[in-house]
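> One structure, pasted below without further comment.
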């Protein structure tokens, strides 16, 4: 067992794990740590916790120290500098006629590096742009190309549901979403209705997917022929969330509904399927 804390560097960002060392950290406190990007200011979202070594990737970097009020002032100043750097970066991109869109700018805490995040349809030769930016800011410059989902996460917005985007408010990491999930949930396959602001399939298709998969496993398939106490029939409708099946009775030309419990009681589906 080892002691760890979880730290986020952006709202709804990925959680990174660090060795707290002698520090006892509370949730919502702030720390100074070293990452691959440099020295950074992060928010503790998981307090000191013992976990198995197999649950994390070792070795973990140690927390440098608890953040101070001076560090918080530095972060605020860096955010203001980042806004100005964004304007400068946009001007230089236009001046070089580069087919790229600047999305965000980040300073590391110690200002040893400025990171420019951008989107582009393909590869971009930005070597001259980097030289110009380095000459202006007198520090290390990194240009990082991101995808459209990352762009939506950084910029935020309001989704088709009328709520703030999940990715920008609470989703720490993106999970794979497939068109099969929309089909299983009997949703319209119109791209305009199942796509988010990023143009990709909506992340929320994943939320109920496990329950739909479990329901499909427990219930007979659409179109399947089955025998009921009312006679032979065919499955013509499924309400997977409520575990209800609509069966067309072939001899009586009417449709009846069966719950999952009724299906089990009549032996239409096995009790093992519901476990």
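In our numbering, the protein residues as written are 1132 to 1406. Glycine residues also receive a C-beta, built at the ideal position from the N, C-alpha and C atoms.
1) Any idea if residue 1209 is buried or exposed, counting beta-carbon neighbours within 10 angstroms, 16 or more meaning buried?
2) Alpha carbon to alpha carbon, how far is residue 1287 from residue 1280? Give it in angstroms, no decimals.
3) Need the endpoints of the alpha helix (DSSP H) that residue 1346 sits in, please.
4) What are the complete beta strand (DSSP E) segments, minimum 3 residues, inside the region 1142 to 1194?
5) Roughly how many angstroms lie between the CA atoms of residue 1377 and residue 1387, to the nearest whole one?
6) Taking DSSP as the reference, what is the three-state secondary structure of residue 1390?
7) Just to check my reading of the structure: residue 1296 and residue 1328 have Cβ atoms closer than 8 Å, yes? What is that Cβ distance to the nearest angstrom?
8) If we count the other Cβ atoms within 10 Å of its Cβ and call it buried at 16 or more, is residue 1149 buried or exposed?
9) Grouping DSSP H, G and I as helix and E and B as strand, with all else coil, what is residue 1206?
10) Apart from the five residues just before and just after residue 1140, which ones in its own chain have a Cβ nearer than 6 Å to its Cβ?
11) When the Cα of residue 1290 is compared with those of 1306, 1167, 1325, 1229, which residue comes out closest?
12) Enumerate in chain order the residues of its own chain whose CB-to-CB distance from residue 1369 is below 7 Å, with the five nearest sequence positions on each side excluded.
13) Identify the continuous alpha helix (DSSP H) that holds residue 1247 and give its terminal residues.
14) In the DSSP assignment, find the beta strand (DSSP E) that holds residue 1363 and state where it starts and stops.
15) What are the residues that DSSP puts in a beta bridge with residue 1235?
16) Going by CA-CA distance only, name the one from 1145, 1181, 1398 that's closest to residue 1132.
17) Please list the terminal residues of the continuous alpha helix (DSSP H) segment that includes residue 1199.
18) Rounded C-beta distance between residue 1380 and residue 1364? I'm assuming under 8 Å.
19) Using the three-state DSSP reduction, which class does residue 1256 fall into: helix, strand or coil?
20) Hey, quick one: how far does the beta strand (DSSP E) through residue 1270 stretch, first residue to last?
21) Alpha carbons only, please: which of 1216, 1250, 1243 is nearest the one belonging to residue 1263?
22) At the level of alpha carbons, what is the spacing between residue 1298 and residue 1163?
23) Exposed or buried, what is residue 1282 when buried is set at 16 or more other beta-carbons lying within 10 Å of its beta-carbon?
24) Let me know the secondary structure DSSP gives residue 1294 once reduced to three states.
25) Compute the beta-carbon to beta-carbon distance between residue 1233 and residue 1224, rounded to the nearest angstrom, for a pair I have assumed lies under 8 Å.
26) Do you know offhand how far residue 1366's Cα is from residue 1308's?
27) Restricting to Cα atoms, I'd like to know which of 1260, 1301, 1285, 1268 is closest to residue 1274.
28) Between which two residues does the alpha helix (DSSP H) containing residue 1409 stretch?
29) Just confirm the distance between the C-beta atoms of residue 1332 and residue 1357, as a whole number of angstroms; I'd bet it's less than 8 Å.
On the basis of the coordinates in this document:
1) The residue in question, residue 1209, is buried, as its Cβ has 16 or more Cβ neighbours within 10 Å.
2) Straight-line Cα distance between these residues: approximately 10 Å.
3) Counting along the chain, the alpha helix (DSSP H) containing residue 1346 begins and ends at 1340 to 1349.
4) Positions of the beta strand (DSSP E) runs, each at least 3 residues long and wholly inside the region 1142 to 1194, are given as 1147 to 1149, 1161 to 1166, 1169 to 1182 in order along the chain.
5) So the two alpha carbons sit approximately 6 Å from each other.
6) DSSP places residue 1390 in strand when its eight states are reduced to three.
7) Right, the Cβ-Cβ distance comes to about 7 Å (below 8 Å), so this counts as a contact.
8) Label assigned to residue 1149: buried.
9) Residue 1206 carries a helical assignment under DSSP once its states are collapsed to helix, strand and coil.
10) The beta carbon of residue 1140 is closer than 6 Å to those of 1171, 1173 in its chain, skipping five residues each way along the sequence.
11) If we check each option's Cα against that of residue 1290, 1325 comes out closest.
12) The beta carbon of residue 1369 sits closer than 7 Å to the beta carbons of 1350, 1353, 1376 from its chain, once the five residues preceding and following it are set aside; these are given in chain order.
13) Residue 1247: not part of any alpha helix (DSSP H); member of the beta strand (DSSP E) spanning 1244 to 1250, first to last residue.
14) Residue 1363: member of the beta strand (DSSP E) spanning 1362 to 1370, first to last residue.
15) Residue pairing by DSSP places residue 1235 opposite 1248 in a beta bridge.
16) Taking only the C-alpha atoms, the option nearest residue 1132 is 1181.
17) Unbroken run through residue 1199: none, as it is neither H nor E.
18) Between the beta-carbon of residue 1380 and that of residue 1364 there is about 5 Å, and that keeps the pair under the 8 Å contact cut.
19) Coil.
20) Secondary structure note for residue 1270: it is in no beta strand (DSSP E), with a DSSP letter that is neither H nor E.
21) Ranking the options by Cα distance to residue 1263, first place goes to 1216.
22) Approximately 25 Å, taken between the alpha carbons.
23) Per the 10 Å Cβ criterion, buried.
24) Of the three classes helix, strand and coil, the one that applies to residue 1294 here is coil, per DSSP.
25) About 6 Å; that satisfies the 8 Å criterion.
26) Straight-line measurement puts the Cα of residue 1308 at about 28 Å from the Cα of residue 1366.
27) With respect to the C-alpha of residue 1274, the residue from 1260, 1301, 1285, 1268 having the closest C-alpha is 1260.
28) Outside the displayed range of the chain (1132 to 1406) lies residue 1409, so it cannot be described from this structure.
29) About 33 Å separates the two Cβ atoms, so there is no contact after all.
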